[in-house]
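Peer 1:
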Amino acid sequence: MQDWQRSVIYQIYPKSFHSHAGNPTGDLLGVAAKLDYLQWLGVDCLWITPFLRSPQRDNGYDISDYYAIDPSYGTMADCELLIAEAGKRGIKLMLDIVVNHTSIEHTWFQQARSSLDNPYRDFYIWRDQPNNWESKFGGSAWEYEAQTGQYFLHLFDHTQADLNWDNPKVRAEVFKLMRFWRDKGVGGFRLDVINLISKPADFPADNTDGRRFYTDGPNVHQYLQEMHREVFEDHDLINVGEMSSTSLEHCIRYSRPDSRELSMTFNFHHLKVDYPNMQKWVRADFDFLELKRILSDWQTGMQTGGGWNALFWCNHDQPRVVSRFGDDGEHRVVSAKMLGTALHFLQGTPFIYQGEELGMTNPGFEHIEQYRDVETLNIYRLKREAGESEASSMAAIMQKSRDNSRTPMQWSAQPNAGFSSTEPWIGLPASATQINVENQLDDTTSVLHHYRQLIASRRSEPLIQDGVYRQLLPTHKQVWVYLREGDGERLLVVNNFYGAACEVELPERVITDCMLQRQVISNYPDGEVRKRQLFLRPYESFVLHLTDH
Ligand code: TEU
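Residue numbers (the working numbering): 3 to 551.
Okay, structure coming up:
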């Protein structure tokens with residue numbers, strides 16, 4: 003086992019974490035000021051979303067200088083201080099590297115767009131005619147440049163131009179900038195949409211949006227192996243690839259140690275269970291059986307294939323999980339704890355997104371003026387232009403917008419939830435005065451203390467790392483039950499995903515009378531000794547360690 007296979011990683015969206023300077027947006031010194039809290043929580047590593055120089059059209063995922071800190075986040079000295087202070091607390095810092103595309107304000111693009119024979123022209127992807135691929139943020143994936151009379155490719159916003167990875171000079175520049183950050187002392191990289199970097203040379207037209215051609219594209223494994231040789235080899239780094247619309251087979255290849263590519267992969271299949279017919283922008287309930295099936299297939303598949311999963315419910319692109327798969331009203335506390343337990347006992351490296359450990363909810367913004375995200379604003383415009391009503395457009399946006407997770411971290415009941423002394427760049431949910439760190443630190447029954455216990459369990463229960471995953475009752479419509487099995491011992495993980503109580507009968511031999519049992523964690527204070535016949539309360543969840551003897 004590698005160290006990172008025992009780690010828990012905490013994701014920070016610095017724009018919304020803490021403002022040390024008292025600005026509307028957060029900063030790196032604001033992160034440094036909260037390191038004691040993160041150490042108390044017990045996390046090993048921080049993934050901080052991009053804070054490099056950027057016009058901030060996509061909140062830093064549009065980088066214009068890979069060697070400079072965006073002034074809104076502070077200075078290079080602040081960054082060095084943060085790395086050093088985190089290191090003193092045994093915490094690594096993972097840098098979010100966005101190299102599928104750059105901002106069109108990057109000097110490479112400024113050069114490239116200036117003439118057809120500029121040496122940087124081939125850093126990007128140009129065509130005389132666009133094909134019919136679509137941008138992930140809506141509309142065509144091609145933008146016309148009048149000055150040179152060609153179109154350039156952008157899989158995301160039209161200000162995020164895709165780099166041409168087939169050009170060896172591009173790869174050399176990427177590896178150089180990664181070595182720069184490695185040598186500054188970062189503990190690893192989170193690689194944004196890294197499975198989209200290799201496009202097929204012929205750019206075939208598609209009958210859908212084009213993703214089947216550029217996802218896990220022709221040379222992607224070769225380029226990642228080159229990155230491994232050029233940047234990772236002989237360095238103790240945690241490298242996580244964000245894989246968009248990927249497959250299990252590719253993720254095994256990306257993350258198997260003998261492939262010499264990455265440490266682990268994020269995939270999003272389990273977060274599309276509320277996208278009916280793969281459509282994100284409609285309001286819909288989630289499909290629980292599908293959620294269990296997908297997570298189980300990935301557990302078994304990655305385990306058998308020797309890959310490693312990055313585990314997560316939340317990030318800066320996803321709504322809050324308690325509002326999504328739990329209950330953010332009456333059962334908020336138990337359901338948030340249940341969701342944490344269900345995820346943290348799987349094989350892989352769990353990621354906790356800021357505020358998830360508090361059971362933070364979607365803010366429930368009803369008006370488009372309250373939203374800031376470029377994707378949300380694009381979609382709203384496209385929906386309204388297509389004649390969809392205001393009410394239906396907003397119903398989908400309230401449920402699905404990325405801004406649901408981008409509201410400021412709730413530190414206290416102070417104004418602006420203790421995030422800043424100034425009004426923040428985006429609003430806060432009304433519940434911030436109740437749901438915050440200060441309240442929960444003092445309350446040992448809080449979601450926060452439950453997450454702290456989950457993090458500690460990962461160290462004390464080796465079966466979480468290497469126990470064989472086996473799902474029980476796969477067709478049960480309300481509970482997700484699984485085992486993590488080792489030699490003569492097992493963890494039994496039981497989660498009721500709904501607000502109704504229910505009775506569950508476990509198969510023979512899962513718990514027998516002669517087994518020793520120890521409760522590892524539970525979300526009700528008065529958990530009883532368990533039998534084969536289980537009566538589960540709303541959102542009840544618990545883990546038992548069982549030993550044959
Ligand atoms: O996201 C990649 C991605 O494909 C999504 O999760 C995306 O946000 C979603 O499909 C939109 O519905 C990464 C970053 O996490 C995201 O914040 C960036 O906007 C995106 O890449 C572009 O860099």
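Glycine is no exception: its CB is placed at the ideal position from the N, C-alpha and C atoms.
What you are looking at is a predicted structure, and each value in this text was computed from that prediction instead of being measured.
According to DSSP, is Arg-520 part of a helix, a strand, or is it coil?
Peer 2: Taking the first residue of the sequence shown as 1, we reach residue 520 at position 518. DSSP places Arg-520 in strand when its eight states are reduced to three.
Peer 1: Less than 7 angstroms separating the beta-carbons of Tyr-126 and Asn-166?
Peer 2: As a first step, residue 126 is located in the sequence shown; it is residue number 124 there, counting from the start. As a first step, residue 166 is located in the sequence shown; it is residue number 164 there, counting from the start. Yes.
Peer 1: Taking 6 angstroms as the line, does the beta carbon of Tyr-382 fall inside it for any heavy atom of the ligand TEU?
Peer 2: The count along the sequence shown starts at 1 and reaches residue 382 at position 380. Because no heavy atom of the ligand TEU lies under 6 angstroms away, the Cβ of Tyr-382 does not count as near it: no.
Peer 1: Around the C-beta of Gln-281, are 16 or more other C-beta atoms found within 10 angstroms, so that it is buried, or is it exposed?
Peer 2: Locating residue 281 in the sequence shown gives position 279, where the first residue counts as 1. Burial call: exposed.
Peer 1: With distances taken from CA atoms, which of Pro-259, Cys-47, Val-100 is nearest Ile-85?
Peer 2: Taking the first residue of the sequence shown as position 1, residue 85 is located at position 83. Looking at the Cα atoms, Cys-47 is the closest of the given residues.
Peer 1: Are the CB atoms of Ser-422 and Glu-440 nearer to each other than 7 angstroms?
Peer 2: Position 420 of the sequence shown holds residue 422. Position 438 of the sequence shown holds residue 440. The answer is no: Cβ separation not under 7 angstroms.
Peer 1: Between Ser-137 and Ser-105, is the Cβ-Cβ spacing less than 7 angstroms?
Peer 2: The residue labelled residue 137 in the question sits at position 135 within the sequence shown. The residue labelled residue 105 in the question sits at position 103 within the sequence shown. No, these two residues do not count as a Cβ contact at 7 angstroms.
Peer 1: Using 8 angstroms for Cβ pairs, my map puts Thr-351 next to Trp-6. What's the rounded Cβ distance?
Peer 2: Position 349 of the sequence shown, counting from 1, holds the residue named residue 351. Position 4 of the sequence shown, counting from 1, holds the residue named residue 6. Confirmed, about 6 angstroms.
Peer 1: Buried or exposed: His-547, going by 16 or more other Cβ atoms within 10 Å of its Cβ?
Peer 2: Reading the sequence shown from its first residue, position 545 is the one you call residue 547. Per the 10 Å Cβ criterion, buried.
Peer 1: Counting only runs that start and end within the region 459 to 484, where is the beta strand (DSSP E) found for 3 or more residues in a row?
Peer 2: Entirely contained in the region 459 to 484, the beta strand (DSSP E) runs reaching 3 residues are, in chain order, 470 to 474.
Peer 1: Looking only at its own chain, which residues have a Cβ that is under 8 angstroms from the Cβ of Glu-368, when we skip the five neighbours before and after it?
Peer 2: Mapped onto the sequence shown, residue 368 falls at position 366. So the qualifying residues of the chain are Met-396, Met-400.
Peer 1: Pull the bridge partners of Pro-352 from the DSSP assignment, please.
Peer 2: On the sequence shown, position 350 is the one that residue 352 refers to. Paired residue(s): Leu-313.
Peer 1: Please state the DSSP three-state secondary structure of Asn-418.
Peer 2: In the sequence shown, residue 418 corresponds to position 416, counting from 1. Reduced to three states, the DSSP call for Asn-418 is helix.
Peer 1: With the cut-off set at 7 angstroms, would you say Gln-113 and Tyr-122 are in Cβ contact?
Peer 2: Reading the sequence shown from its first residue, position 111 is the one you call residue 113. Reading the sequence shown from its first residue, position 120 is the one you call residue 122. In this structure, Tyr-122 lies closer than 7 angstroms to Gln-113 by Cβ.
Peer 1: Would you kindly work out how many angstroms separate the C-alpha atoms of Leu-83 and His-20, rounded to a whole number?
Peer 2: Within the sequence shown, the letter at position 81 stands for residue 83. Within the sequence shown, the letter at position 18 stands for residue 20. The alpha-carbon atoms of Leu-83 and His-20 are separated by roughly 16 angstroms.
Peer 1: For Gln-320, write down the residues that DSSP places opposite it in a beta bridge.
Peer 2: On the sequence shown, residue 320 is found 318 positions in, with the first residue counted as 1. Partner(s): none; Gln-320 has no beta bridge.
Peer 1: Tell me the rounded alpha-carbon separation between Lys-90 and Pro-16.
Peer 2: For this step, residue 90 is matched to residue 88 along the sequence shown. For this step, residue 16 is matched to residue 14 along the sequence shown. Going by the C-alpha atoms only, they are around 20 angstroms apart.
Peer 1: Kindly indicate which residue of Ala-388, Asp-445, Pro-509, Asp-550 has the alpha-carbon position closest to the one of Met-517.
Peer 2: Working through the sequence shown from its first residue, we reach residue 517 at position 515. Among Ala-388, Asp-445, Pro-509, Asp-550, the Cα nearest to that of Met-517 belongs to Asp-550.
Peer 1: Report whether the distance from the Cβ of Ser-18 to the nearest heavy atom of the ligand TEU is below 6 angstroms.
Peer 2: In the sequence shown, counting from the first residue as 1, residue 18 sits at position 16. Incorrect: Ser-18 has no Cβ contact closer than 6 angstroms to the ligand TEU.
Peer 1: Since Phe-353 and Phe-314 should fall inside the 8 angstroms C-beta cutoff, what is the C-beta to C-beta distance between them, to a whole number of angstroms?
Peer 2: Within the sequence shown, numbered from 1, the residue matching residue 353 stands at position 351. Within the sequence shown, numbered from 1, the residue matching residue 314 stands at position 312. About 4 angstroms separates the two Cβ atoms, so the contact holds.
Peer 1: Please work out which residues of its chain come closer than 7 angstroms, Cβ to Cβ, to Arg-181, disregarding the five sequence neighbours upstream and downstream, and give them in chain order.
Peer 2: Taking the first residue of the sequence shown as position 1, residue 181 is located at position 179. Once the five neighbours on either side are set aside, the close Cβ partners of Arg-181 are Val-233.
Peer 1: Once DSSP output is grouped into helix, strand and coil, what is the label at Asp-445?
Peer 2: Here residue 445 is taken as the residue at index 443 of the sequence shown, counted from 1. Coil, per DSSP.
Peer 1: Whether or not the region 236 to 245 and the region 287 to 300 are in contact is what I'm after, with contact meaning three or more pairs of Cβ atoms, one per stretch, closer than 8 angstroms; do they touch?
Peer 2: Too few Cβ pairs lie closer than 8 angstroms, so no.
Peer 1: Roughly how many whole angstroms lie between the Cα atoms of Leu-179 and Arg-231?
Peer 2: On the sequence shown, position 177 is the one that residue 179 refers to. On the sequence shown, position 229 is the one that residue 231 refers to. Approximately 14 angstroms between the Cα atoms of the pair.
Peer 1: Quick one: grab the DSSP three-state call for Trp-557.
Peer 2: In the structure as shown, the chain starts at 3 and stops at 551, and residue 557 therefore has no counterpart that could be examined.
Peer 1: Pick helix, strand or coil for Asp-98, following the three-state DSSP scheme.
Peer 2: Within the sequence shown, numbered from 1, the residue matching residue 98 stands at position 96. DSSP places Asp-98 in strand when its eight states are reduced to three.
Peer 1: Between the region 198 to 205 and the region 266 to 279, can you find at least three pairs of beta-carbon atoms closer than 8 angstroms?
Peer 2: Segments in contact, no.
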